[in-house]
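Worksheet for the structure shown next.
Residue numbers (my numbering): 4 to 553.
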């Protein structure tokens, strides 16, 4: 029997929790099976799975949350084993160079993601924070502006480097500085090795703050935090305890408290100010994938005909077709104490080519009732005149509309739910548009293993260029958790962090002096509502948008 071809291990993805998904190319037709092997650090290879012929993927479960692991695959037949495939690694390599010219810490994750922190003598209140990605050859290059503690002008720096032959070679240039970096990976063993890595956590609440930490196996940890406006808030070196905790007074008068927990895969911190103010950050352990995302959307508002048609927009992300349940509820709202309901809503779904689904009365459809129960939606009477559609939607952009029959109008509730299924596709970038006479209420939920940063906008005047002259003149936006008001914005005021979030999320720009409202916020898992009204009790068409911000 012929010897086997060399197999190429082409994909490795760490999944939330303790699993890794692997894929490889099958370049032969005469194997009788595969053997997948794993090793920790430089330990001996150990088999973890024996798989049948023609296998091209495997999921390794029960992997420790922390550590550096390598994988390879071999095939076998009666002639023996093939040569091992290439290696793929999971884990992070850390590098540190400290000198009189400056301090540079670099983390390289298995995904190719690279993080750089750098500080220089004579430049207090300034630091470089760079997050980029290395190419397949281990090279990276980027331009980055200093993060500063005040609104002072920030200098731009050019950072480039290469990971090769077990070393990092890099240069950092800017503001008269030309620093060469040459460093071997930090030792992987140490008293705090289980906490080591590059950890990142967004600031909870309103704003763009982030806490970065490079934790080394010997227990030393360099942390850098930015505030709501993205300015430098605190930086410090600390020593981690045996439980992954650290408390230290930063040089700028702030207090820094860190907690790194590899068992729960969480990283968190608090920065305390001289006046007793506190900023709280919450994120994930190095390399832990985030499963956090927007799920479900509900919009309650007046609905009718013309500019009173209630419209919700949404997108389905890449992946296989996703089952989505859309409901247009009118008469059943009466049982919740809502008056003036839309007596007989008509629900229609549209894509780029036009309308593709419509429903008048849902008539107790079995599949719809079962899906509503599965996603936790309240039950509808089987003989009600509410409307509902259950449809498998390919990746793309869609709108759902509720209109009244004839000239009928009234309060309606439009709901979008992801139906249970195996597709990795999901709902993203939710929006709702209708005429606002009193208030427009949009409900949404965040679900997953970490907080999620969102851009939420209430657009009125910015609708004019889109041919909507009867816009809500001065929208106000308020975010609630239950009955508790969390955040409020009237005019967005050209806030630079919102400008950056607009660009990152693909939202159309707002004029700097417009009276539209916008909030950049990081929210923990839970259910929330965005309430839009007009500051001067005006009336008009408004658009509410909820974007995930990368």
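The beta carbon of each residue, even a glycine, is placed where N, CA and C say it ideally should be. The structure presented is a predicted model; accordingly, all values stated were derived computationally and were not measured.
Sixteen is the threshold: since fewer than 16 other Cβ atoms of the shown chains lie within 10 Å of the Cβ of residue 136, the residue is exposed. Separation of the CB atoms of residue 310 and residue 438 is rounded to 5 Å, and the pair is thereby assigned contact status at 8 Å. Between residue 100 and the set 423, 173, 431 and 450, the nearest pair of CA atoms involves 173. Under the 10 Å beta carbon count, residue 142 is surrounded by fewer than 16 other beta carbons and is classified as exposed. Residue environment for residue 525: buried (at least 16 other C-beta atoms within 10 angstroms of its C-beta). By the neighbour-count criterion, in which a residue is buried when 16 or more other Cβ atoms sit within 10 angstroms of its Cβ, residue 334 is buried. Rounded to whole angstroms, the gap between the alpha carbons of residue 24 and residue 60 is 7 Å. Going by DSSP, residue 378 is part of no beta strand (DSSP E) but of the alpha helix (DSSP H) stretching over 369 to 378.
Inter-residue distance for residue 84 and residue 62 is about 22 Å (C-alpha atoms, whole angstroms). Secondary structure note for residue 522: it is in no alpha helix (DSSP H), and the uninterrupted beta strand (DSSP E) holding it is 520 to 526.
Within the same chain, 334 and 335 come within 6 Å of residue 387 by CB-CB distance, once the 5 residues on both sides are set aside. Uninterrupted beta strand (DSSP E) stretches at least 3 residues long and entirely within the stretch 214 to 285 occur at 223 to 229, 235 to 242, 248 to 252, 258 to 264 and 269 to 275, given in chain order.
Between the alpha carbons of residue 231 and residue 337 lies a distance of about 42 Å. Counting other Cβ atoms within 10 Å of its Cβ, residue 464 reaches 16 or more and is therefore classed as buried. A check of alpha carbon separations from residue 152 across 214, 235 and 54 identifies 235 as the nearest. Here residue 275 has 257, 258 and 281 as same chain residues with Cβ atoms under 7 Å from its own Cβ, once five neighbours each way along the sequence are excluded.
Three or more beta-carbon pairs separated by less than 8 Å are not found between the stretch 71 to 83 and the stretch 172 to 187, which leaves the two stretches without contact. In this structure the stretch 192 to 200 lies against the stretch 210 to 219, because at least three pairs of beta carbons, one per stretch, are closer than 8 Å. Taking one beta carbon from each stretch, the stretch 289 to 297 and the stretch 221 to 230 have fewer than 3 pairs nearer than 8 Å; the two do not touch.
The distance from the Cβ of residue 454 to that of residue 295 is about 7 Å, consistent with a contact at the 8 Å cut-off. A Cβ-Cβ contact shorter than 8 Å links residue 534 with residue 442. In the DSSP assignment, residue 413 is bridged to 306. Distance from the CA atom of residue 480 to the CA atom of residue 249, rounded to whole angstroms, is 38 Å.
Inclusion of residue 474 and residue 544 in the CB contact set at 8 Å is warranted, their separation being smaller than that value. The count of Cβ pairs closer than 8 Å, one atom from the stretch 345 to 363 and one from the stretch 393 to 412, reaches three, so the stretches are in contact. Distance from the Cα of residue 243 is smallest, within the candidate group 188, 196, 484 and 368, for 196.
Relative to the Cα of residue 80, the nearest Cα in the group 57, 97 and 223 belongs to 57.
Boundaries for residue 139: no beta strand (DSSP E) harbours it, and the DSSP string shows neither H nor E there. Under DSSP, residue 460 forms a beta bridge with 521 and 548. Between residue 204 and residue 119, the alpha-carbon positions lie close to 16 Å from each other. With at least 16 other beta carbons inside 10 angstroms of its own, residue 238 counts as buried.
Taking the C-beta atoms as reference points, residue 413 is found nearer than 8 Å to residue 346.
Nearest neighbour of residue 461 by Cα position, chosen from 505, 547, 432 and 431, turns out to be 547.
Under the three-state reduction of DSSP output, residue 35 falls in the coil class, being neither helix nor strand. Within the stretch 311 to 385, the runs of alpha helix (DSSP H) that reach at least 4 residues and sit entirely inside it are, in chain order, 369 to 378.
DSSP places residue 394 in the uninterrupted beta strand (DSSP E) bounded by 390 to 396.
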